[in-house]
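Residue numbers (the working numbering): 580 to 1471.
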């Protein structure tokens, strides 16, 4: 049913009207409601029980902004949270709410990981989330395996490529427990037992490694593995109670010849067959953030020695040679507790860290782990495909229900096709397999097969994961608007799985880790419970957490200034001292203290309390404080060390607001429901990983009834907020922002786990923001100008901006755009800005400033990245100039 008008919970509007009679200030009126325990409980208990009243946008805006302003003054801005899913499908609509919340210092919550749609294996293997081929590339494949996906249902417009690839001679294999819709396209249907895909692919890898690496070498596979995988990298072998086991990578810090280079903990070694010794090669993460001139332009996959620049020939295996040294190692099959003793080939090398130690290659370790028997090695290897040892074709039968002959056939077809076509084999996957708890293992098993066969990065090959509408392509410019980064940086971004795991009390019903997982040495685990790992990750900067501390970030800045802080650096130093001496406590350490609760939650474009709420009953009981069907006991208390364990509070949220076009689960449980425009009633843009263009979404008709587009709705609320701020925050103010060490920044290499990450709270090191702990920065908010900032492109857009740490100067693009005769502008406080008053203007700004749609920006980014890679920048200059001449823009 479509939401046509603004609605409010009856108990709330009655309380509000009474409060407004007694209090002329909306903030005071809201305080009188939420500070009355009985009245507040009554309003919360009415959630989900109907009783809505139709009311107006003005009153809605007044209540929402009063609640947010009260929360900011009483607790801090990071208690105002926001959630909206899948920004790629309507990018400006998502940006509306996110921009508003970032301008007031609020929190934007993640969605992709929360839906368990993000394939964890992708960042684990490649360091990036979900970079896949568009659907047209399916047509180029020669062998397609579909597992856990149904393209003709979820990718209907693109599925013709699945049908058409078979007309070109490609084979299609579908692995699904049921006879799914995708099976109609299959040459072979493999009815695998649910969740057992990983076992199939481990057995496939076993066959590939035996027949295409051990029995004979395929030159293309070997060359690919040496150049584009970590298979030739050297790893240490460590002594344990079960014998030798795989240790960490051999790094520059271990080798005397390379120990004096910069970032030696993040540069990795291969065995050079020509020099017969380990050498550090280009490409490790240490080369991405060079401190020395000689380390620049080496973040690439060229197989060259770091110091000499000589081309090396890495050894994929250390098997053979004059000595043929081997060492018995332990390998585990964790589901059964089986320990296999299998030999691996080794070399003994001298290190500056541990003396003389044995090393082997990742490839050699992989071969023995898979149980592939090779000449010169002995141990518990599979003697044949019929031997029931991990991870043989016979071994997988008991888990998958698939006969060994089928596995052998698929493995041979897959690898031989890749050999002939140079890697044109692909695996299409989706949420059906990704939603398993062990999905990363499932995915890494077939990613392994793709890498062994040289398929990743090849047209018609690779791992293609599709869920929802992924791939927000113009993130470089869109992110500045959506996250308010044109006015203030950094934004407050929260990973939602951690957030709700703690705030909805789910962690209290979660037992110790070893209750669910068999591990070789349970006593070696630092913390028994997942909640303590969350706490540790926050204090070391690995994860965000909001609220940040048990005090408002505004109050922390004020106290610092009262203590004598004159500069932003002084405020940061004061904050660090307070954290170290216990005067300031991380909120995640005591999440059930009232000052550490989320208070106001705004939702738009999604069903956060329906399809998105993993563990809905926990939300209803602890977050909303309404009726629920929970019937279980808390079990976590004996296992938690670093988090204060309190009695579980009921109803943490003071206000829930939903901007929605449908009366689905979320508005039914919300306090205020606002009518949102439908897709065909607003201006927007979207992108997807299925095609390589931006899709403009023009409004066919104006918003119906009393609905507003997302952009206009939050513009309206921003105006209300600014009006209210003239009394409560009449002047700009500072606040302290805590943010985690981020991907694509030097922060990702500040904490090498050698042998473990150092914990400042345990005395291992000093607390240094951005190094051994989270980033701490100072933001200046101007609440009276939230509306003005929302509707204009801020001055930080003239500074460096971008994505993946590829940052260009925005000034030339800003100046070019604002001086165009067709550009709408706004003026306030004596300054002129590019207008963002209308959603269409925001769309145009995104496209002008993005490298996806602005060729000059694209060229500048390639040129800048050449500083890191030494490749691909300057060589595009000639092409760029040629294009200018063709279109009549002669650069001369």
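C-beta: ideal position from N, C-alpha, C; glycine also.
When the five nearest sequence neighbours on each side are left out, the beta carbons in the same chain lying within less than 7 Å of the beta carbon of residue 1153 are those of 1139, 1142 and 1144, in order along the chain. The way I'd put it, the stretch 893 to 900 does touch the stretch 838 to 857; three or more beta-carbon pairs between them come closer than 8 Å. By the Cβ-count criterion, residue 1333 is exposed, with fewer than 16 other Cβ atoms from all chains shown falling within 10 Å of its own Cβ. Two segments are said to touch when three or more pairs of C-beta atoms, one from each, lie closer than 8 Å; by this definition the stretch 1251 to 1270 touches the stretch 584 to 596. The Cβ-Cβ distance between residue 931 and residue 944 does not fall below 8 Å.
By the neighbour-count criterion, in which a residue is buried when 16 or more other Cβ atoms sit within 10 angstroms of its Cβ, residue 1009 is buried. Leaving aside the five residues that flank residue 729 on each side, the residues in its chain whose CB is nearer than 6 Å to its CB run, in chain order, 759, 760 and 761. Residue pairing by DSSP places residue 1097 in no beta bridge whatsoever. The beta carbon of residue 1418 is closer than 7 Å to those of 671, 1261, 1262, 1263, 1288 and 1290 in its chain, skipping five residues each way along the sequence. Rounded to the nearest whole angstrom, the CA to CA distance from residue 831 to residue 860 is 10 Å. Under the three-pair Cβ rule at 8 Å, the stretch 974 to 991 counts as touching the stretch 771 to 788. Counting only runs of 3 or more residues that sit fully inside the stretch 1406 to 1450, the beta strand (DSSP E) segments are 1410 to 1414, in chain order. The beta-bridge partner set that DSSP reports for residue 1003 is empty.
Rounded to whole angstroms, the gap between the alpha carbons of residue 1128 and residue 1317 is 9 Å. For the alpha helix (DSSP H) assignment, the uninterrupted runs of no fewer than 4 residues enclosed by the stretch 921 to 952 are, from N- to C-terminal side, 941 to 948. The alpha-carbon of residue 1156 is positioned some 13 Å away from that of residue 1165. For residue 617, the enclosing alpha helix (DSSP H) covers residues 616 to 624.
Ranked by how close their Cα comes to the Cα of residue 1217, the residues 1336, 1280 and 1092 have 1092 in first place. Under the DSSP assignment, residue 606 falls in the alpha helix (DSSP H) whose first and last residues are 605 to 613. By the neighbour-count criterion, in which a residue is buried when 16 or more other Cβ atoms sit within 10 angstroms of its Cβ, residue 1342 is exposed. One alpha carbon belongs to residue 864, the other to residue 847, and they sit about 9 Å apart. Judged by pairs of C-beta atoms under 8 Å, the stretch 932 to 942 does not touch the stretch 986 to 1000, as fewer than three such pairs exist. Each residue's CA atom was taken as its position, placing residue 1026 and residue 970 some 16 Å apart. For residue 1043, the enclosing beta strand (DSSP E) stretches over residues 1041 to 1044. Within the DSSP secondary-structure output, residue 1199 pairs in no beta bridge.
Distance between residue 749 and residue 1001, taken at the CA atoms: about 14 Å. A straight-line Cα-Cα distance of about 11 Å links residue 1274 and residue 1422. Burial is judged here by how many other beta carbons sit within 10 angstroms of a residue's own beta carbon; residue 1351 has at least 16 and is buried. Within 10 angstroms of the beta-carbon of residue 1305 lie fewer than 16 other beta-carbons, which makes it exposed. C-alpha of residue 824 to C-alpha of residue 1104: approximately 17 Å in a straight line. The beta carbon of residue 1407 sits closer than 8 Å to those of 1364, 1367 and 1371, all from its chain and outside the five residues before and after it, given in chain order. In the three-state reduction of the DSSP assignment, residue 1024 falls in the helix class. The three-state reading of DSSP puts residue 1059 in helix, counting H, G and I together.
Taking C-beta separations shorter than 7 Å and ignoring five residues to either side along the sequence, the partners of residue 1021 in its chain run 776, 777, 1012 and 1015, following chain order. For residue 914, the CB contacts under 8 Å within the same chain, skipping 5 residues up- and downstream, are 1097 in chain order. Scanning its chain for C-beta atoms nearer than 7 Å, with the 5 sequence neighbours on each side dropped, one finds around residue 1339 the residues 1345, 1346, 1351 and 1352, in chain order.
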